[in-house]
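Chemist: Input: one structure, supplied below.
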Amino acid sequence: MSEAAARLAPQEANAAAPRASVSVRDIFIEFLIIGATSFGGVVPYLRAALVGKRQWLNDKEFVEMLSISQSLPGLNATNMAILVGEKLHGITGSIVAILGICLPGGVLMYVVGMVYQQHGDHAWATAALKGVAAAAVGLILSTVVQLSKKSLAGKFDFVFMALTVLAVNRLHQSVLRTLIVVGVLAILFHRPGRAQKASDAQ
Amino acid sequence: MNQVPTLARVFAYLSLLTVGGGMAAFPEMQIQTVDVHKWLTFPQLIHLYSVGQMAPGPNMMMIVSIGEWAGGFLGALVTLAAFFGPTALLTFVVARFWKRLERWPWRASIQQGLAPVSIGLLLAGCFTMAKGAIFGVETAAIAVGTLMVLLQYKINPALLVLAGAVVGIFSFMPTP
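Protein chains in written order, with this note's numbering: chain A, 296 to 497; chain B, 522 to 697.
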């Protein structure tokens with residue numbers, strides 16, 4: 296307790312006080328359970344477990360951490376594990392949380408990869424995989440639509456989105472260069488002080 | 522030839538491109554793992570990614586399969602560490618001072634600016650994948666059907682990907 300509290304104390308003093316000490320073992324087990332059961336997207340499972348069942352976070356903290364996770368490189372699932380682990384038990388908490396959430400899926404895909412390499416060319420497997428791949432395209436598109444509804448504001452955001460797609464798919468620019476060039480343009484467009492004018496204009 | 526150091530380098534680089542989601546790195550993943558290093562074919566990459574959508578946990582765990590093919594058990598471990606290590610470290614460090622930047626006006630600018638770019642990268646990854654996954658009426662119908670159902674109903678996406686497998690077997694299984 297003292298160790299974790301000491302680490303959290305300086306920045307977290309004015310935030311919600313850490314409710315009770317959470318053991319490293321509990322963090323690992325909870326993230327292991329999430330890692331093993333979160334079929335079809337991790338975020339709802341994280342919320343149910345961390346805000347609902349365990350009450351390690353309140354809803355506001357959860358949303359805040361999720362928005363940090365989305366702005367940084369890395370998957371939401373692993374970034375959330377790092378952030379929540381850090382809040383609960385410092386660096387050790389982060390490490391066991393990310394290990395826990397990755398372990399079940401990692402072991403599963405290790406086995407699936409070996410099975411696929413040996414049997415992936417069977418007629419029934421190729422037929423099923425064609426359907427699976429097509430469904431996955433639909434799934435990604437639905438994510439794009441849902442994210443656009445939530446976080447795109449104004450027609451210029453659609454221009455930046457289109458520029459990104461064009462640069463990668465048509466001009467065959469590397470993802471890194473596209474991210475830096477269009478990213479900087481978009482950030483400059485949304486520079487401080489401009490938000491007010493933009494919302495006035497709309 | 523030992524592929525493990527190359528795996529580490531490639532996946533650490535890919536890791537930093539996953540802004541907004543794993544799919545953002547997909548076009549670059551195709552170039553690196555298929556075209557440059559030839560660890561697998563493009564159809565195999567699409568299949569592994571898609572099957573990975575039915576697995577629990579972070580949705581890019583298919584990288585473990587690529588690591589295993591190219592470098593055995595050690596390859597799988599190194600790939601996993603390389604893909605999640607750099608972003609984990611970055612998130613850990615940023616989290617410590619992100620709260621203190623609450624009043625820094627550029628923080629909101631960065632978040633607002635990166636939103637359309639990360640959605641664009643996701644869409645670009647989707648188009649790259651569609652080039653290999655959508656061919657003909659059946660696959661197009663499965664993709665559009667999945668999209669419609671997901672936008673209309675609250676249903677677990679993993680179930681729809683599984684349904685795609687069933688439709689695939691009925692559509693593409695050669696009749697004996």
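Just so it is clear, CB atoms sit at the ideal spot from N, CA and C, and this is done for glycine as well.
Predicted model, so just to flag it, every value in this text is computed and none were measured.
1. Am I right that residue 470 of chain A and residue 546 of chain B are in contact with their C-beta atoms under 8 Å? What's the rounded C-beta distance?
2. Exposed or buried, residue 625 of chain B, counting other C-beta atoms within 10 Å across all chains shown (16 or more means buried)?
3. Does the Cβ of residue 445 of chain A have 16 or more other Cβ atoms within 10 Å, making it buried, or fewer, making it exposed?
4. Using 8 Å as the threshold, is the stretch 421-432 of chain A in touch with the stretch 676-691 of chain B, meaning 3 or more CB pairs across them?
5. Where residue 472 of chain A and residue 316 of chain A are concerned, what is the direct C-alpha to C-alpha distance, given to the nearest angstrom?
6. Compile a chain-ordered list of the residues in the stretch 428-450 of chain A whose CB is closer than 8 Å to at least one CB of chain B.
7. Suppose only complete runs of 4+ residues qualify. What are the alpha helix (DSSP H) ranges in the stretch 572-636 of chain B, listed by chain order?
8. Does residue 531 of chain B come within less than 8 Å of chain A when only Cβ atoms are used?
9. So is residue 386 of chain A buried or exposed if we call it buried at 16+ other beta carbons inside 10 Å?
10. Using only the alpha-carbon positions, how far apart do residue 635 of chain B and residue 327 of chain A sit?
11. Which of helix, strand or coil does DSSP assign to residue 358 of chain A?
12. Apply the 10 Å Cβ neighbour rule to residue 669 of chain B and answer buried if 16 or more other Cβ atoms are within range, or exposed otherwise.
13. What is the DSSP secondary structure of residue 402 of chain A, counted as helix, strand or coil?
14. DSSP on residue 337 of chain A, reduced to helix/strand/coil?
15. Using 8 Å as the Cβ pair cut-off and three pairs as the minimum, do the stretch 402-411 of chain A and the stretch 572-590 of chain B touch?
16. So, residue 456 of chain A versus residue 644 of chain B, is the Cβ gap smaller than 8 Å?
17. Leaving aside the five residues before and after residue 393 of chain A along the sequence, list all residues of the same chain whose C-beta is less than 8 Å from its C-beta, in chain order.
18. For the candidate residues A:433, A:365, A:391, whose alpha-carbon lies nearest to that of residue 631 of chain B?
19. Please check if any C-beta of chain B sits within less than 8 Å of the C-beta of residue 422 of chain A.
Modeler: In terms of the structure at hand:
1. Here the question's residue 470 of chain A lines up with position 175 in the first sequence. Here the question's residue 546 of chain B lines up with position 25 in the second sequence. With a Cβ gap of about 6 Å, residue 470 of chain A and residue 546 of chain B count as contacting.
2. As a first step, residue 625 of chain B is located in the second sequence; it is residue number 104 there, counting from the start. Exposed: under 16 other Cβ atoms inside 10 Å.
3. Within the first sequence, residue 445 of chain A is the residue found at index 150, counting from 1. Exposed, by the Cβ-count rule.
4. Contact between the stretch 421-432 of chain A and the stretch 676-691 of chain B is present, because at least three Cβ pairs lie under 8 Å.
5. Here residue 472 of chain A corresponds to residue number 177 of the first sequence, with the count starting at 1. Here residue 316 of chain A corresponds to residue number 21 of the first sequence, with the count starting at 1. When rounded, the distance between both Cα atoms is 44 Å.
6. Those residues of the stretch 428-450 of chain A placed with their C-beta closer than 8 Å to a C-beta in chain B are 428, 429, 430, 431, 432, 433, 434, 435, 436, 437, 438, 439, 440, 441, 442, 443, 446, 447, 448, ordered along the chain.
7. Segments of the alpha helix (DSSP H) lying fully in the stretch 572-636 of chain B: 584-619.
8. As a working mapping, residue 531 of chain B is identified with position 10 in the second sequence. Judged by the 8 Å Cβ criterion, residue 531 of chain B is not in contact with chain A.
9. As a first step, residue 386 of chain A must be located in the first sequence, where it is residue number 91. When all chains shown are included, residue 386 of chain A counts as exposed.
10. Counting from one through the second sequence, the residue named residue 635 of chain B turns up at place 114. Counting from one through the first sequence, the residue named residue 327 of chain A turns up at place 32. Distance between the alpha carbons of residue 635 of chain B and residue 327 of chain A is about 31 Å.
11. Along the first sequence, one-based indexing puts residue 358 of chain A at 63. Three-state result, residue 358 of chain A: helix.
12. As a first step, residue 669 of chain B is located in the second sequence; it is residue number 148 there, counting from the start. Label assigned to residue 669 of chain B: exposed.
13. Position 107 of the first sequence, counted from the start, is the residue given in the question as residue 402 of chain A. In the structure shown, residue 402 of chain A adopts helical secondary structure according to DSSP, grouped into three states.
14. By one-based count along the first sequence, residue 337 of chain A stands at place 42. Assigned with DSSP and collapsed to three states, residue 337 of chain A falls in coil, not helix or strand.
15. Contact holds: three or more Cβ-Cβ distances are below 8 Å.
16. Counted from its first residue, the first sequence places residue 456 of chain A at position 161. Counted from its first residue, the second sequence places residue 644 of chain B at position 123. Yes. Within cutoff.
17. On the first sequence, position 98 is the one that residue 393 of chain A refers to. Spatial neighbours of residue 393 of chain A in its own chain (CB-CB distance under 8 Å, excluding positions within 5 residues in sequence) are listed in chain order as 326, 373, 376, 377, 380.
18. As a first step, residue 631 of chain B is located in the second sequence; it is residue number 110 there, counting from the start. Selected option, being the one with the closest Cα: A:365.
19. Residue numbering aside, residue 422 of chain A sits at position 127 when the first sequence is read from its first letter. With 8 Å as the cut-off, residue 422 of chain A counts as an interface residue toward chain B.
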